[in-house]
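Counting from 1, one number per residue, gives the positions in the sequence shown under the working numbering.
Here a beta-carbon is modelled for each residue, glycine too, at the ideal position from N, C-alpha and C.
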Amino acid sequence: MEMTGEFTIPAPQDQVWDALNDPEVLQRAIPGAQSVEKTSDTEFAAVVKAKVGPVSAKFKGNVTLSEIDAPNGYKISGEGSGGAAGFAKGSAIVKLAPAGDGTLLTYEVHATVGGKLAQVGQRFIDATAKKMADEFFTTFAAIAGGTDVEDHVDAIAPTHIPLLPDEDVGLSLSPWMWGTLVIAGAILTVYLFTM
């Protein structure tokens, strides 16, 4: 599975970079995240509970950051497993650039999923991925921008502009979502997304 995309986050680039590397921010922003732990300067471990169609599982995984060019971007590589539900592995290139008063986040994702997850219909995966991506970016944009998430959810939804016009909606997840899925194992991974 491959995808590219971009999002505009209403916060300065340094602030977005810091948020993308903060396990507490990521845990709050990733739907279903039960834990996100920074195990070293370049490694994270996560547990994400997710449901795609009839497949529901707790995914555990690890991601490694490489090719780090702070605060401009990095590569996220990871793999995860949801037991009988399936697995995911892959990578995402995430880049940040100033965009007016905000930050443009672009991403390119390459991922593989297997197990029961790979057998679920694309429609279920797409719908779940879109919902999770929307939740992730709305929450992440609010947190990164220093906005109260509950009071300003509608006002802070980031702008999503697909780079590939015919991409399925499910391919518009965030890189951290992909990383998490990749990390978490394989579910929502029909996306990843910006970053």
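Is residue i helix, strand or coil by DSSP?
{"i": "A9", "result": "Looking at the sequence provided, one finds Ile at residue 9 rather than Ala. Three-state result, I9: strand."}
{"i": "T39", "result": "strand"}
{"i": "T4", "result": "strand"}
{"i": "I143", "result": "helix"}
{"i": "A240", "result": "A query on residue 240 cannot be resolved here, the shown segment of the chain reaching from 1 to 195 and no further."}
{"i": "P98", "result": "strand"}
{"i": "D18", "result": "helix"}
{"i": "A84", "result": "helix"}
{"i": "A157", "result": "Legend: pLDDT at A157 = 43, less than 50; position of this residue unreliable, value from coordinates given subsequently. It is coil, neither helix nor strand."}
{"i": "Q27", "result": "helix"}
Name the DSSP beta bridge partners of residue i, please?
{"i": "N62", "result": "A45, E79"}
{"i": "T196", "result": "Residue 196 lies beyond the residue range present for the chain, which begins at 1 and ends at 195; the question has no answer from this structure."}
{"i": "D69", "result": "G73"}
{"i": "T138", "result": "The partner list for T138 (beta bridge, DSSP) is empty, contrary to what the question assumes."}
{"i": "L104", "result": "T8, A97"}
{"i": "A205", "result": "Because the chain here runs from 1 to 195, residue 205 falls outside it and cannot be looked at."}
Given a cut-off of 8 Å, decide if residue j and residue i are closer than it, judged by their beta-carbon atoms.
{"i": "V36", "j": "Q27", "result": "yes"}
{"i": "S91", "j": "S81", "result": "no"}
{"i": "L104", "j": "G73", "result": "no"}
{"i": "K116", "j": "A88", "result": "no"}
{"i": "T139", "j": "A29", "result": "yes"}
{"i": "A50", "j": "G61", "result": "no"}
{"i": "A19", "j": "G102", "result": "no"}
{"i": "Q13", "j": "P71", "result": "yes"}
{"i": "T106", "j": "E24", "result": "no"}
Measure how close the beta-carbons of residue i and residue j come, nearest whole angstrom, since I'm counting them as under 8 Å.
{"i": "I93", "j": "E108", "result": "5 Å"}
{"i": "A99", "j": "T8", "result": "5 Å"}
{"i": "G83", "j": "A111", "result": "Going by Cβ atoms, the distance from G83 to A111 rounds to 19 Å, so no, they are not a contact pair."}
**OP:** Take every Cβ of the stretch 39-48, pair it with every Cβ of the stretch 134-146, and state whether three or more of those distances are shorter than 8 Å.
**Re:** no
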